[in-house]
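S.K.:
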Amino acid sequence: MNRSENRWLWLLLGLLAVFSLSLFLIPAFVIRPFRHQSERALGLAIAVKRIAPALTVAALVGVVALGARLWRNSSRWVRTGIATALVLSAASAVMVRQNYFEWMFNPITAAGFVSADDAHLDDKEMVMAVRIGQEARAYPIVQMAYHHILNDRVADVPIVVTY
Amino acid sequence: MWKRTARGRELHFYLAGINNQNFLMRDRETGSWWQQVTGRAIAGELAGSALELMPNDELTFGLWKSEASQGHGQGQRRFLVLAPVPGHGDKDYDKKWEEEVAKYPVPLTFPGQGLNDRDVILGVAMGGQARAFPLARVRGASPVEDKIAGVPVVLVTGPDGESVRVFRSQWNGLDIELYRDTQSGRQSDGKGDGQSPEWQLLDSQGNTWNFAGCATSGPALGQCLGRINFLKDYWFDWKNYNPQTTVYSH
Chain A
173 MNRSENRWLW LLLGLLAVFS LSLFLIPAFV IRPFRHQSER ALGLAIAVKR IAPALTVAAL
233 VGVVALGARL WRNSSRWVRT GIATALVLSA ASAVMVRQNY FEWMFNPITA AGFVSADDAH
293 LDDKEMVMAV RIGQEARAYP IVQMAYHHIL NDRVADVPIV VTY
Chain B
32 MWKRTARGRE LHFYLAGINN QNFLMRDRET GSWWQQVTGR AIAGELAGSA LELMPNDELT
92 FGLWKSEASQ GHGQGQRRFL VLAPVPGHGD KDYDKKWEEE VAKYPVPLTF PGQGLNDRDV
152 ILGVAMGGQA RAFPLARVRG ASPVEDKIAG VPVVLVTGPD GESVRVFRSQ WNGLDIELYR
212 DTQSGRQSDG KGDGQSPEWQ LLDSQGNTWN FAGCATSGPA LGQCLGRINF LKDYWFDWKN
272 YNPQTTVYSH
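First to last, the sequence lines map onto chains A and B.
Sequential numbering of the first sequence, starting at 173, is according to our numbering.
Sequential numbering of the second sequence, starting at 32, is according to our numbering.
1) With distance defined between alpha-carbon atoms, name the residue in 178(A), 323(A) and 197(A) nearest to residue 247(A).
2) First and last residue of the beta strand (DSSP E) that includes residue 300(A)?
3) Mind checking residue 223(A): buried by the 16 CB within 10 Å criterion, or exposed?
4) At 9 Å on the CB atoms, spell out the chain A contacts of residue 259(B), in chain order.
5) Between the stretch 33-53 of chain B and the stretch 142-159 of chain B, can you find at least three pairs of beta-carbon atoms closer than 8 Å?
6) Compare the C-beta of residue 178(A) against all C-beta atoms of chain B and say whether one is closer than 7 Å.
7) In three-state terms, what does DSSP make of residue 32(B)?
8) Whose C-alpha, out of 260(B), 191(B) and 119(B), is nearest the C-alpha of residue 83(B)?
9) On a Cα-Cα basis, can you pick out the residue from 250(A), 206(A), 225(A) and 197(A) that is closest to residue 182(A)?
10) How is residue 208(B) classed by DSSP in three states: helix, strand or coil?
11) Taking 7 Å as the limit between beta carbons, can you name the residues of its chain near residue 305(A), skipping five residues before and five after?
12) Consult DSSP for residue 118(B) and reduce its assignment to one of helix, strand or coil.
13) Using 8 Å for Cβ pairs, my map puts residue 161(B) next to residue 275(B). What's the rounded Cβ distance?
14) Would you mind telling me which residues of chain B sit closer than 9 Å to residue 298(A), beta carbon to beta carbon, in chain order?
15) Of all the CB atoms in chain A, is at least one closer than 7 Å to the CB of residue 128(B)?
16) Helix, strand or coil for residue 327(A), going by three-state DSSP, please let me know.
17) Quick one: what does DSSP say residue 268(A) is sitting in, helix, strand or coil?
18) Who does residue 81(B) pair with in a DSSP beta bridge?
19) For residue 183(B) versus residue 212(B), is the C-beta distance shorter than 7 Å?
20) Can you name the residues of chain A whose CB is closer than 8 Å to the CB of residue 109(B)?
21) Use the C-beta contact count for residue 206(A): other C-beta atoms within 10 angstroms, 16 or more gives buried, fewer gives exposed.
22) Could you list which residues in chain B have their beta carbon closer than 9 Å to that of residue 302(A), in chain order?
23) Does the stretch 285-300 of chain A come into contact with the stretch 93-101 of chain B, if we say contact requires no fewer than three beta-carbon pairs (one atom in each stretch) closer than 8 Å?
24) Quick check on residue 312(A): buried or exposed, where buried means 16 or more other Cβ atoms within 10 Å of its Cβ?
25) Could you tell me whether the Cβ of residue 156(B) comes closer than 7 Å to any Cβ of chain A?
26) Determine the closest residue to residue 214(A) out of 185(B), 54(B) and 209(B), with distance taken between C-alpha atoms.
27) For the structure I just gave you, are there three or more beta carbon pairs, one from the stretch 129-139 of chain B and one from the stretch 244-253 of chain B, closer than 8 Å?
28) Would residue 191(B) be called buried (16 or more neighbouring beta carbons within 10 Å of its own) or exposed?
29) Considering only their Cβ atoms, is the gap separating residue 209(B) from residue 165(B) smaller than 7 Å?
30) For residue 275(A), which residues does DSSP report across the bridge?
31) Compare the Cα-Cα distances from residue 119(B) to each of 257(A), 272(A) and 279(A) and report the closest residue.
32) Assign residue 91(B) to one of three DSSP states: helix, strand, or coil.
33) In three-state terms, what does DSSP make of residue 282(B)?
34) Cα-Cα, which of 277(B), 44(B) and 239(B) is closest to residue 274(A)?
35) Expressed to the nearest angstrom, what Euclidean distance is found between the alpha-carbon atoms of residue 131(B) and residue 252(A)?
36) In chain B, what lies closer than 7 Å to residue 329(A) by C-beta?
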């Protein structure tokens, strides 16, 4: 392996790591709170999110293969670079599989219900209310404003409560 | 609030992102992306599908409780309240979150129609038209009557002074005019414990109506006005999704 070939391989390794990282960072940047998102930017972010799980794994495999090939003849500095690329690509592959919005707002996995008399709510507290057939449900807004989503079933009708 | 079925499939949703201060959700079954505020799928296998709106109310707990337990064979009814999820307390269930959210910057701004970005409005969309009713004005002047796309509507603040409902002010094919019964005194009894029995609206036909929109006396006794769905929202958000909206100003 000659030096110029190595240079191309290093470049490719670096690009793969940057590519992998951008698969995580681009949607994370677009879909961030308190910023306007145009329809186009949102469309791009979602498109990237959909392909990111597969592509970050492919990029990680590429980084590992190139890193292994370059490792033996590399100086300590270059090895540090290879290790950094490897860590970033692996982190990216993990992060694109995480739903960090649910870290901030934990989902309701098993909803519990109490009767109206057993609910320790102030009469002034606002609730979202739904009635289907013989069943009535109230969802306190302070709870829904945190969890945001609840998949429920009322009188056998599947509904999603959103706030 | 939506029915969670699309193309004949039952779906389970989860939080997947934040979009202009609404949120994005995905369904576990297909991974499609949905906008919470419109109920529409914007990407994925179900793109283009729309969820069916589930009519619902925002009420004070006291009013909900008294309405839920009133009349109509209550023994068979089941009324349940979502319990706090274990592991989450006052830190997450922050009663002041609305005040706190109001301090955050807005992602969009729509000046020029007399409203501030974070003014709370009640948005009604029907017959291809959209109108925003500033909540403060509705509370101050209930019942508020208007016409949207030729349909007479009335926005009513309930006996608790907080809860609002919107009805089609038509009965028996006639437009009716509703007004507050000044004989029944102030609409709130100060305790806010829900439906005070004396709270009622009158109309030009000699009926009295309760906050459920049902006639409690008069020729319409036992009949109810049609309910109209509305969205309680910040002005900037309503305007973003209803660019042609007008603002109520009477």
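Glycine is no exception: its CB is placed at the ideal position from the N, C-alpha and C atoms.
M.R.: Let's see:
1) Closest option to residue 247(A), Cα to Cα, is 178(A).
2) Here the beta strand (DSSP E) through residue 300(A) covers 298-304.
3) When all chains shown are included, residue 223(A) counts as exposed.
4) Using a Cβ-Cβ cut-off of 9 Å, residue 259(B) is close to nothing in chain A; its nearest Cβ partner there is about 16 Å away.
5) The stretch 142-159 of chain B vs the stretch 33-53 of chain B: no contact.
6) Contact with chain B is absent for residue 178(A), since none of that chain's Cβ atoms lies less than 7 Å from the residue's Cβ.
7) In the three-state scheme derived from DSSP, where H, G and I count as helix and E and B as strand, residue 32(B) is classed as coil.
8) Closest option to residue 83(B), Cα to Cα, is 260(B).
9) Distance from the Cα of residue 182(A) is smallest, within the candidate group 250(A), 206(A), 225(A) and 197(A), for 250(A).
10) Under the three-state reduction of DSSP, residue 208(B) is assigned to coil, being neither helix nor strand.
11) Excluding residues within five positions, the ones whose Cβ falls inside 7 Å are 327.
12) Three-state DSSP puts residue 118(B) in coil, outside helix and strand.
13) Contact between residue 161(B) and residue 275(B) holds, with the beta-carbon distance rounding to 6 Å and staying under 8 Å.
14) Among the residues of chain B, those whose CB is under 9 Å from the CB of residue 298(A) are 89, 90, 91, 92, 193 and 194, following chain order.
15) Chain A contact via Cβ: present.
16) Correct three-state label for residue 327(A): coil.
17) Coil.
18) Partner(s): 71(B).
19) Taking 7 Å as the Cβ cut-off, residue 183(B) and residue 212(B) do not qualify as a contacting pair.
20) In chain order: 306, 307 and 308.
21) Exposed.
22) Taking the beta carbon of residue 302(A) as reference, the chain B residues within 9 Å of it are 32, 85, 86, 87 and 88, listed in sequence order.
23) Because the criterion of three Cβ pairs below 8 Å is met, the stretch 285-300 of chain A and the stretch 93-101 of chain B touch.
24) By the neighbour-count criterion, in which a residue is buried when 16 or more other Cβ atoms sit within 10 angstroms of its Cβ, residue 312(A) is buried.
25) Chain A, which has no Cβ nearer than 7 Å to the Cβ of residue 156(B), makes this no.
26) Here the closest residue by C-alpha is 54(B).
27) Not touching, per the Cβ criterion.
28) Result: buried.
29) Residue 209(B) is positioned such that its CB atom lies no closer than 7 Å to that of residue 165(B).
30) Under DSSP, residue 275(A) forms no beta bridge with any residue.
31) Comparing Cα positions, the closest option is 279(A).
32) In this structure, residue 91(B) counts as strand in the three-state DSSP scheme.
33) There is no way to answer for residue 282(B), as the model of chain B reaches only from 32 to 281.
34) Taking only the C-alpha atoms, the option nearest residue 274(A) is 44(B).
35) Roughly 45 Å between the two C-alpha positions.
36) Result: 34.
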